[in-house]
Structure formats: structure tokens, C-alpha cells
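Participant: I have a structure here, written as C-alpha cells, and I will follow up with some questions on it.
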Ligand code: WTA
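Pasting the structure below:
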């Protein structure tokens, strides 16, 4: 233990429960534990009240129609998400309040938009989209870096009823192509590049490469983030964002959308190689994200709220764009890396803007711990009031460091468990009520029912590990998988009864009713908070001509949580070498994107297999963790296990 850690440990001695400071509780928006009982007993009313926080053109006839596993929320209600995120705040006299603060990676490159300015920009872009032929129901794909046009673009789509599908900017051309094709998207919004660790990344080149493999895209909108001079636009297909929007009217009537109309599509990794197109709708999604954002971050009118996620992932959709803006909160977005130009960039941003609420991921916290407290200590972080964590389990050591070093021992930490599919936080503390245990996401959001089941569907006793399930529908739940309705039922609602949501995570509930989520139980990896499918990586590997067979498993990593390790059997005649290993890593990186690159490639003559030929990834995982392989008697080739262990230990 370093001196630093032992100092923190000694201050925390004997404490594994943290009550929010009395002062915090008193001023919190919700501080009455009765809310749990009320919501549990009056579930629909509870959500109806939260939906009333939004502006509706027409009220719903029914709060919830539950025909398991299909839910409709706020049936026949009509609203517009962009109107709720922008216009209504202007109409309520908050036009001059800052809506969006953007900080570029190059120092001192910033932009700010008030709610009125945001309304103008959103309307202009919306009119531009219409001019290009985008109609209600058309899916618009976004492949953009973290620049304001991304947030503006989502709202512009929402304004005209065109669902968006955002593909994370770090994904490769082939991942982008696959998602454009699956969505049959006719429109792509991309950029000429962006800054990452001081370098210019050529996003346009990637987009062009993806476009070569698609035939459905008719129009491409290019945001000139960098202003490169080597981009060759294609006449008739490509249009520069600035040119498109500059003469557009600032008036654009929002479409009256049905509560159940699709707001967006978001692809996420599943257990098979093909990504799942998670469908979110309008009324329930906006109700769920705005309500949880408000309660969990204890939102006040003067908050400066910063979520460090990328809008390319669900966290950015729900908690950079929709939740905060629906609440009229000032939301901050940052383009770049945490260590550019120096390792105190985050803390410098917090000090500069007096950020009050911070939402980040355990992997980032562990990285900051590794860099040392001298970086945060250089800055005044006393504006912070609530600290959030999301994306993976936060280990108690990182929790305590976050609490002590970043929060000065004063800020409640909200460890929020949720998924792309859930749309909103489902297991989370309420900072004015919940006593916190480091490492536990604590309790289901008021009204929700969650449990731990064994394989047979029995509810398990305290501290027994099993499968996390959700036993009530919630407003922002996914409605289906795009074009794969059977896969929706099969993946989430078929493990047990058809009204029990199977999350795919392992967890336990302790003797005090606290939830401890361990992580995925399927072949999905969580690498630095990014969800990646091992199947996708395996198919990328076997796509290389030297590879006969491959298996990818996760290995625990101190900073990233997990890293992918590739086991490769070569085609006969091919020889293992360091060069080939690098080539394979690069190959996977090209197919999936840099985040999918295996940390190591292990060449092996065979893989542990059952008699029926199934690869036992479980054994590989154990070996990677340095654990005993367990029972190998069912293997066809038990002798390979020792050989692999030696290789791993080397
Ligand atoms: C994991 C991100 C433990 C979990 C919002 C889940 C967590 C997957 C937590 C979803 C948390 C997310 N504690 N594990 N607080 N938050 N996870 O779809 O395994 O990118 O199933 O959504 O991340 O990842 P996704």
C-alpha cells in the first residue's frame, strides 16, 4: 500500500457505510425515504407525476400498457423531445441560461450556447435536414466526434421525428458500414476530423471507407471541425454543415410525436457477432432519463453538470443530452483526452467552470489514481457536490479515492447501474437518502423491483451470487431490437417468465439489501467501460488469412477493468511471430476500432474443447486470472490446459 492509500485507508478506518452529510440531506430535492414506499405502491402514479414534469401536446390515456414482454408507456400521449429539451426553457424565461458548454481539446477553444441559441441552432439544422429530404421516420446516422454539432444534431432529428443512430467515433469503417446498412440509413452526418491527444484524427477517411460498402446513403453532411484542405467532396452527395445551415430559418415547428414513436436506435454488442439495434421511444425515455438525472444528481437550477462519457454511447445520450437538457440543466461536453495537454485536464475544466456534478467511469478514476493526487490537488475542486460513476463495478479502493481526493470527503458518490437497453439508471443511490457502501450500486430506483435468481428462476438468499433480473417494466426500457423482434424476446425475456427482464449481469444482494453487481455473465467484455463482444473479435481474427481458429477472453486489468486476450490457432504452414501478433492486433483494430484491439495474442496449437467441440472459454478466463482451471475431465484434450497455463505465466 502506498503512503497515499494508507492515509485514505486510515481516514476510512472501520467505515464501510457513508451517510450523506446532514447539510446535504437537508437541501436535497428528495430526502424522504417514504418515496420508496410510495413509488412501490403507486407505481403508475409515481411515473405519471414524473412525466408531468415534461410538456405534452396531448396527455396520455393510460400510463402503462403491459403485455409482457411488450410495454407501452403514456399511451397516446403526444410530445416532442427537442421542444422539451430546448424551447420550453426559452418560453419559461430561461433563454439566456447556458444550455451547452463545449470545451475543445486544444486549450482555450470553447463554445457556449444559451437555451435560445441552442434552439436556433437546432431549428436551423432541422430545417437543413428537411431540405436534404429527411422525413419523419428516416434514420439518420451520426459518426461524429464530441463536438456541439453532435448534440445539436440529435435534437434536430428529434425535432422533425427522424430517429438517430449514433455510431461511436472511435469505431472502424467496417463497424460504421455494418450499422449504416442494418439501419438502411440514407443520411450520414460526419466530420473532417477531430483532435485526440494533440493529433488530428482523419474521420472523413474512415467515413469514406465505410461509404464504399454501402449503397443506401444518399446524402452526407460534413462538419468541418478541422478545416482540412485535402477533403474531396462528392458533388450531389456531400454537403458541408456550415453551408447547409447558414441561411436556414430559425423557425422549425416541432413534430408532434407519439409517446411510443422511436426516438433513436443505438447499436450495442451482444453475444453473437451481430450488434443489436436497441430501440428507444420518446415519452417513456424522456420521462425516465429526466427523472433519474434530477433525483440522482440532485439537480439545482445553477448546476454546471459534466458527464465525461462520449455521446456515441448510451451514457452520453441519456446523461449529456436528453436527461440534463430536459431538466434545463447546463451540460458540459469535452472533446478530448484526460491527459492533453497535461494530466490535470479534467481538474482544470472543473475549476474553470465550477462544475458541481461530475459523472465519470471507474476506469477513468483508476487511471487518475495511477497518475497520482498531485494533479487534482493543483486545482480547487470545492464546487463539486455529487460524484457519479457508471459503466462497470467500481472497486472500493477507487471509490474511496474518488470520495476523498476528488470529493474532499464531502460529496456523495452515486454508483449507477444501468445498460444501453435500460435507457436510464435502474440501481442507484439517491444522494439525499441512501447510506452508501463503496462498491455497491445500492438499491433499485424507487418503485422498481430487482432480484437475484439462480438458473432455475429461484430468488436467492442474501449474499448468494446469481443473475440480476428486473421484475417490473420501466418507462425508458428498450421496446424491441430493430428488425429483430424475436431476438428481443429471446435475449431479455426468455430466461425465466416473460415478464422478468434478464440483464446478463451477475450480482448478489447483501444482508442489508444492497446490490453488488459483479459484471457480465455472457461473452461480452467491458473494456474501459466499453461494451465489446468477444464473438465480434473472434470473427475479426478468423477473417485474417493466417488464422484457423480463435477464442477471445477477458483478462482482469487494473485500469481498464478488463482487456481482451486473443488465443489463436494458425493455419498450417504459418508461423507464430511477434510481427504476426502485431499484425493480428492491428487487423482486429481495423475491423472493430482501436478499442477492440487485443492486449495480447497467444498462439497455441489447440484450445480446450468439450467432446462436442465447444471451446471452453471459461477455462481460458480462469487461467488468465491466474486461477486453477477447475474440472477439466469433460475436455477432449485436457493436456492443452497445462501448456496454456505455462504460456500465460510466462
Ligand atoms: C456494466 C452503460 C456495475 C454492466 C450504461 C452492464 C455496471 C453493462 C455499472 C452495460 C455499475 C454499467 N456497476 N456494472 N454501476 N454500470 N455496468 O450498455 O455489466 O454500455 O450490463 O451501458 O455495464 O453497459 P452499456
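Residue numbers (the numbering used here): 10 to 659.
Every residue, glycine too, gets a C-beta built ideally from N, C-alpha and C.
Since the structure is predicted, the reported quantities are computational estimates derived from the model, not experimental observations.
Rounding to the nearest angstrom, what Cα-Cα distance links residue 243 and residue 203 in this structure?
Facilitator: Rounded to the nearest angstrom, the two C-alpha atoms are 21 Å apart.
Participant: Residues in its own chain within less than 6 Å of residue 644 by CB, not counting five upstream and five downstream?
Facilitator: Hits under 6 Å: 617.
Participant: Counting only the same chain and skipping the five closest in sequence on each side, list residues whose C-beta sits under 7 Å from that of residue 414.
Facilitator: These residues qualify, in order along the chain: 382 and 385.
Participant: Using C-beta distances below 6 Å, list every residue in its chain close to residue 360, excluding the 5 sequence neighbours before and after it, in chain order.
Facilitator: The residues are 388 and 389.
Participant: Do residue 283 and residue 277 have their beta-carbon atoms positioned less than 8 Å apart in this structure?
Facilitator: Cβ atoms of residue 277 and residue 283: not closer than 8 Å.
Participant: Below 8 Å on the Cβ atoms is my contact criterion, and I expect residue 570 with residue 372 to pass it. Report the Cβ-Cβ distance as a whole number of Å.
Facilitator: Right, the Cβ-Cβ distance comes to about 6 Å (below 8 Å), so this counts as a contact.
Participant: Is the region 337-350 touching the region 390-398 in the sense that three or more CB pairs, one from each, lie closer than 8 Å?
Facilitator: Short answer: they don't touch.
Participant: Would you please state the rounded distance, in angstroms, between the beta carbons of residue 500 and residue 279? I believe it to be under 8 Å.
Facilitator: Confirmed, about 7 Å.
Participant: Could you give the distance in angstroms between the alpha-carbon of residue 453 and the alpha-carbon of residue 218?
Facilitator: If I take the Cα positions, the gap works out to 44 Å.
Participant: Between 227, 649 and 233, which has its C-alpha nearest residue 245's C-alpha?
Facilitator: Nearest of 227, 649 and 233 to residue 245, Cα basis: 227.
Participant: DSSP beta-bridge partners for residue 573?
Facilitator: In the DSSP output, where bridge partners are listed per residue, residue 573 has 563.
Participant: Identify every residue that forms a DSSP beta bridge with residue 316.
Facilitator: 368.
Participant: Tell me the start and end of each unbroken beta strand (DSSP E) in the region 257-284 that is at least 3 residues and wholly inside, in chain order.
Facilitator: The region 257-284 contains these whole beta strand (DSSP E) runs: 271-277.
Participant: By how many angstroms is the C-alpha of residue 234 removed from the C-alpha of residue 168?
Facilitator: Cα-Cα distance, rounded: 24 Å.
Participant: Tell me which same chain residues have a C-beta within less than 6 Å of the C-beta of residue 98, skipping the five on either side of it?
Facilitator: Only 124 and 337 meet the Cβ criterion.
Participant: Measure from the alpha carbon of residue 186 to the alpha carbon of each residue in 535, 151 and 646, then state which is nearest.
Facilitator: Per the Cα distances, 151.
Participant: Taking the alpha-carbon of residue 333 as reference, which of 93, 548, 447 and 495 has the nearest alpha-carbon?
Facilitator: Among 93, 548, 447 and 495, the Cα nearest to that of residue 333 belongs to 93.
Participant: Tell me, which residues are paired with residue 342 by DSSP?
Facilitator: Bridge partners of residue 342: 111.
Participant: Does residue 75 pass the burial test, meaning 16 or more other C-beta atoms within 10 Å, or should it be called exposed?
Facilitator: Exposed.
Participant: Return the residue from the list 306, 528 and 626 that minimises the CA-CA distance to residue 421.
Facilitator: Comparing Cα positions, the closest option is 306.
Participant: Given this structure, state the Cα-to-Cα distance separating residue 56 from residue 81, to the nearest angstrom.
Facilitator: Approximately 13 Å, taken between the alpha carbons.
Participant: Residue 379 to residue 506, Cα distance in whole Å?
Facilitator: One C-alpha to the other measures close to 45 Å.
Participant: For residue 45, I'd like the list of residues in its chain whose CB is within less than 6 Å of its CB, leaving aside the five on either flank, ordered along the chain.
Facilitator: Answer for residue 45: 455, listed in chain order.
Participant: What is the rounded straight-line gap between the Cα of residue 628 and the Cα of residue 309?
Facilitator: If you take the alpha carbons of residue 628 and residue 309, they lie about 50 Å apart.
Participant: Within the continuous beta strand (DSSP E) that includes residue 75, where are the two ends?
Facilitator: Unbroken beta strand (DSSP E) run through residue 75: 71-76.
Participant: Using 10 angstroms around the beta-carbon of residue 423, count the other beta-carbons present and answer buried if the total reaches 16, otherwise exposed.
Facilitator: Per the 10 Å Cβ criterion, buried.
Participant: Give the DSSP bridge partners of residue 579, in chain order.
Facilitator: Partner(s): 556.
Participant: Expressed to the nearest angstrom, what Euclidean distance is found between the alpha-carbon atoms of residue 240 and residue 600?
Facilitator: If you take the alpha carbons of residue 240 and residue 600, they lie about 23 Å apart.
Participant: Please look up how many angstroms separate the CB atoms of residue 556 and residue 321, rounded, as I've assumed it's under 8 Å.
Facilitator: 29 Å between Cβ atoms; not a contact.
Participant: Look up residue 150 in the DSSP assignment and say whether it is helix, strand or coil.
Facilitator: Residue state, collapsed to three classes: strand.
Participant: Identify, in the order they occur along the chain, each residue of the same chain with its Cβ nearer than 6 Å to the Cβ of residue 211, setting aside the five sequence neighbours on each side.
Facilitator: For residue 211, where only same-chain residues beyond five positions count, the Cβ hits under 6 Å are 202.
Participant: Should residue 601 be listed as close to the ligand WTA, given that the test is whether its C-beta is under 7 Å from any heavy atom?
Facilitator: Checking the Cβ of residue 601 against the ligand WTA gives no.
Participant: Under 8 Å: do the region 350-367 and the region 517-535 share three or more Cβ pairs, one atom per stretch?
Facilitator: Output reads no: the region 517-535 does not touch the region 350-367.
Participant: State the start and end residues of the unbroken alpha helix (DSSP H) segment that holds residue 131.
Facilitator: Element bounds for residue 131: 124-140.
Participant: Give the straight-line distance between the Cα atoms of residue 470 and residue 517, rounded to the nearest whole angstrom.
Facilitator: If I take the Cα positions, the gap works out to 9 Å.
Participant: Contact between the region 155-167 and the region 127-142 is defined here as three or more beta-carbon pairs at a separation below 8 Å; is this criterion met?
Facilitator: These segments touch.
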